[in-house]
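Our numbering runs 207 ahead of the 1-based position in the sequence shown.
Let me begin by presenting the structure, written as structure tokens, before commenting on it.
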Amino acid sequence: MSDSIQERYLVGYALAAKKQHSFIQPSLIEHSRQRGIDLVKLDPTKSLLEQGKLDCIIHKLYDVYWKENLHEFREKCPGVPVIDLPEAIERLHNRVSMLEVITQLRFPVSDSERFGVPEQVVVMDSSVLSGGGALGELKFPVIAKPLDADGSAKSHKMFLIYDQEGMKILKAPIVLQEFVNHGGVIFKVYVVGDHVKCVKRRSLPDISEEKIGTSKGSLPFSQISNLTAQEDKNIEYGEDRSLEKVEMPPLSFLTDLAKAMRESMGLNLFNFDVIRDAKDANRYLIIDINYFPGYAKMPSYEPVLTEFFWDMVTKKNHV
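Put into structure tokens, the structure is as follows:
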């Protein structure tokens, strides 16, 4: 059916320049166009009510004016899906409220796969970090992450802390999270409405008891990544940690988990990072949740996103 007689839909997007460059690829535009969906760039400084007859809005902007703009649009056009609502997104900007989502899930208990989150404590006072009581019941090594997870460079500054000496570089507010050996592999689960895709990625290598006893201070994640890359050049080590040999978590388990998270958070576009406990192959830990991640890194992202847009403009299956 030609574009001239096919019913067409407008999906407006409001994204930061870097996000727009990575996400709005020509291939995605063409996939959507062939399905009868036109992707249009929105001007966040102007009223959304003056920018055409929109059938859906996707966005990743957080300033006050934009939120007010969205609020006005939602009041006047309640039938148009806004993906996603700012108040739902904000929950993921704090690493405590983010993982509380997981602990509060109503999810059928499986005889095989189990899920949870790593043990963690929040330190709000920097003076506590210099003492010995900041860890609570946690034991070294721990992962230190900023409390805020707003996508800024600062929010990505994470460390592996081996001992009390390593705590000296940290500043509150900060989250201290138990380190769980997980075979050096992380599973990134992309959620696009009803669509779920999982990919394997390299992660922090396991830490042996011997290394725990001899390692001192702290290491930034960026340095650990470089060390891992160097170690992967060793043939024996590379074969031992071949991603191809790593078994994926059951897709049915991930799909059910993603659905429960989606309904609990009220979000359609997110991904979550999962690790498998090296001591218990049926125990999975969710360590991070990100809103509107880098979907272009996901295999076949164009048809998946196009199908999602279609679901939205035809008013199907959005939370």
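Think of the CB as a built atom: it goes at the ideal place given N, C-alpha and C, for glycine as much as any other residue.
Simplified DSSP assignment, three categories, for residue i
i	result
Leu458	helix
Tyr220	strand
Leu268	coil
Val287	coil
Ile442	In this prediction, Ile442 scores a pLDDT of 34, lower than 50, which makes its location untrustworthy; no coordinate-derived value is stated.
Asn353	With the sequence shown as reference, residue 353 is identified as Pro, and Asn is not the correct amino acid for it. Strand, per DSSP.
Ile431	helix
Asp447	Summary for Asp447: the model assigns pLDDT 45, below 50, so the residue's position carries little reliability; its value from the coordinates is reported in the next sentence. Here Asp447 sits in helix by DSSP.
Lys225	helix
Met208	Because Met208 sits at a pLDDT of 45, beneath the cut-off of 50, its placement in the model cannot be relied upon, and the point is left open.
Leu299	helix
Arg240	helix
Ile496	strand
Extent of the continuous alpha helix (DSSP H) run through residue i
i	result
Phe280	271 to 283
Phe516	508 to 520
Val308	302 to 310
Gly323	From DSSP, Gly323 is part of no alpha helix (DSSP H) but of the beta strand (DSSP E) over 321 to 323.
Leu336	333 to 337
Beta-carbon gap between residue i and residue j smaller than 7 Å
i	j	result
Asp291	Leu512	no
Val392	Pro325	no
Phe479	Val382	no
Ala221	His278	no
Ile236	Val218	no
Lys407	Met505	no
Phe230	Leu255	no
Ala341	Val330	yes
Asn174	Glu385	Only positions 208 to 526 of the chain appear in this structure, which leaves residue 174 out of reach.
Ile309	His389	no
Val398	Ala356	no
Gly400	Asp518	yes
Ile431	Leu411	yes
Leu249	Gln241	no
Nearest-angstrom beta carbon gap, residue j and residue i [assumed within contact, 8 Å]
i	j	result
Ala295	Met472	6 Å
Leu299	Ile496	5 Å
Val287	Leu261	6 Å
Met365	Ala379	At roughly 15 Å, the Cβ-Cβ gap does not stay under 8 Å, so Met365 and Ala379 are not in contact.
Glu509	His238	4 Å
Ser422	Tyr369	4 Å
Gly424	Gly358	About 28 Å separates the two Cβ atoms, so there is no contact after all.
Gly343	Val328	5 Å
Cys263	Val520	5 Å
Asn336	Leu377	A quick correction: the sequence has Leu, not Asn, at residue 336. Sure, about 5 Å apart at Cβ, within 8 Å.
Leu426	Leu367	5 Å
Pro456	Tyr491	6 Å
Glu297	His402	Between His402 and Glu297 the Cβ distance is about 24 Å, and since that is not below 8 Å, they are no contact.
Asn276	Leu354	That pair is no contact at about 28 Å.
Enclosing beta strand (DSSP E) for residue i [first to last residue]
i	result
Glu385	381 to 385
His402	402 to 409
Ser425	425 to 427
Gln327	327 to 330
Ile368	366 to 368
Ile414	No beta strand (DSSP E) contains Ile414, which DSSP labels as neither H nor E.
Asp480	476 to 483
Bridge partner(s) assigned by DSSP for residue i
i	result
Asp245	Leu217
Arg490	Arg321
Asn388	Answer by DSSP bridge pairing: none, since Asn388 is not bridged.
Tyr397	Lys404, Asn478
Any non-hydrogen atom of the ligand MG within 6 Å of residue i CB
i	result
Gln327	With respect to small molecules bound, the structure shown includes none, and the ligand MG cannot be examined in it.
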